[in-house]
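Going by full-length UniProt numbering, the letters in the sequence shown line up with residues 1 to 271, in that order. Note that the Cβ used here is the ideal one computed from N, Cα and C, for glycine as well. Take a look at the structure set out below.
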Amino acid sequence: MSHLGSGQGSKAPLKTFALLDQFLTVLGSTKTSFWPLVESTGAIVRTYGESAHIFTMTDGGAGGFIPVAHVGLVQSYHFDETDSMHGAGEDHADFSFAGGTDAAFSVGAWVNRDVAGAEQAILAKYDVAGSLREWKLQLDISNKIYLELFDESLDDTVTSTGDTALTLNTWQFVVATYGGEGGNPGKSGMTMPLYLDGAAESETIADGGGNVYEDMENTGTPVMLGAADDTAAPTIEMDGRIALPFICGKKLTAADVATLHGIGKTLLGLA
């Protein structure tokens with residue numbers, strides 16, 4: 001699928017909002033939240049489209065998020081784990097895909113990581129200390145894509161890990177999807193495809209050990225950008241830049257992800 005802006009000459013202006021609308025169309029209308037980070041202040045960022053969700057950008061240091069405007073007029077924000085930098089969201093039904101049975105969802109963002117060797121969250125609704133765990137998308141200690149789903153009542157988890165390590169100081173598009181099948185019990189029958197730069201990963205799906213996972217639960221923990229929540233104190237924070245983060249209530253197809261990748265490359269000036 002082609003998109004507006006693809007194949008344009010270098011002097012042709014980008015139709016930013018038409019591209020953002022195309023991005024939203026691919027994500028669908030079910031529980032969709034898309035933060036293009038058009039704000040240049042680094043204080044509060046809002047969703048684009050009909051949903052109305054914000055991240056309050058919190059910086060424990062003095063450097064700030066240093067928003068950078070890309071050619072499509074969207075911004076990327078820089079996160080530094082040593083300064084406890086993160087986006088604090090809210091607990092909302094749009095971010096939970098649970099409640100008796102699991103529901104399909106996808107989560108992703110463009111990232112440009114500058115430090116590796118530790119777990120770093122991209123988007124998460126996951127609080128360890130408060131025992132309010134649902135899901136988290138992160139990069140693991142090997143710098144690979146990692147999606148975790150947690151069943152709090154049964155204290156068990158199912159994870160999907162990619163097979164490709166990301167490259168430091170390089171913009172890359174990370175997407176994790178889930179079919180919403182639920183455990184049967186454990187990982188049996190669950191689909192959790194991962195994508196890097198628009199291409200499918202050879203993911204490894206694993207059970208946390210109990211092999212009793214049934215479904216996530218709708219907890220009271222807030223969604224976080226660039227960190228997970230540990231009873232209001234952030235943990236596994238990001239080191240590097242994030243752009244175009246999103247959450248949606250559908251399992252994106254390979255074609256969907258490829259289209260989003262192309263739109264993102266255009267907006268970030270990578271095409």
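With 16 other Cβ atoms within 10 Å as the buried cut-off, status of residue i
i: E237; result: buried
i: N211; result: exposed
i: L225; result: buried
i: T170; result: exposed
i: T101; result: exposed
i: V223; result: buried
i: D215; result: buried
i: E134; result: buried
C-alpha distance - residue i paired with residue j, whole-angstrom precision
i: D155; j: V71; result: 45 Å
i: R46; j: L147; result: 24 Å
i: K136; j: F105; result: 12 Å
i: D256; j: G209; result: 33 Å
i: A206; j: A124; result: 19 Å
i: residue 316; j: L270; result: The question about residue 316 has no answer here: the residues shown for the chain are numbered 1 through 271.
i: Q8; j: L19; result: Because the pLDDT of Q8 is 47, which lies under 50, any placement of that residue in the model is unreliable, and the number read from its coordinates should be weighed accordingly. C-alpha separation (whole angstroms): 13 Å.
i: F246; j: H53; result: 11 Å
i: I66; j: M57; result: 12 Å
i: G61; j: G87; result: 14 Å
i: A69; j: L267; result: 10 Å
i: G182; j: G28; result: 22 Å
i: Q138; j: P234; result: 14 Å
Where the beta strand (DSSP E) through residue i begins and ends
i: T56; result: 54 to 58
i: T16; result: Careful: T16 lies outside any beta strand (DSSP E), inside the alpha helix (DSSP H) at 16 to 27.
i: I205; result: 204 to 207
i: residue 272; result: With the chain represented from 1 up to 271, any question about residue 272 goes unanswered, as that position is not in the structure.
i: G99; result: Neither: G99 is in no beta strand (DSSP E) and is coded neither H nor E.
i: P234; result: 233 to 235
i: I122; result: 120 to 127
i: N112; result: 105 to 113
i: K136; result: 132 to 139
Continuous alpha helix (DSSP H) stretch holding residue i: start and end
i: G264; result: 254 to 268
Whole-angstrom C-beta distance between residue j and residue i, which should lie under 8 Å
i: D151; j: Y213; result: 5 Å
i: P193; j: T204; result: Not confirmed; about 12 Å, so no contact.
i: F97; j: G220; result: Contact doesn't hold; Cβ gap of about 15 Å is too wide.
i: I242; j: Y126; result: Not quite, the Cβ-Cβ distance comes to about 17 Å (not below 8 Å), so this is no contact.
i: D94; j: K31; result: 5 Å
Next item on the list: Give a yes or no on contact between the region 104 to 122 and the region 234 to 253, applying the rule of three or more CB pairs nearer than 8 Å.
Entry: Three or more beta-carbon pairs drawn from the region 104 to 122 and the region 234 to 253 are found closer than 8 Å, and the two stretches are therefore classed as touching.
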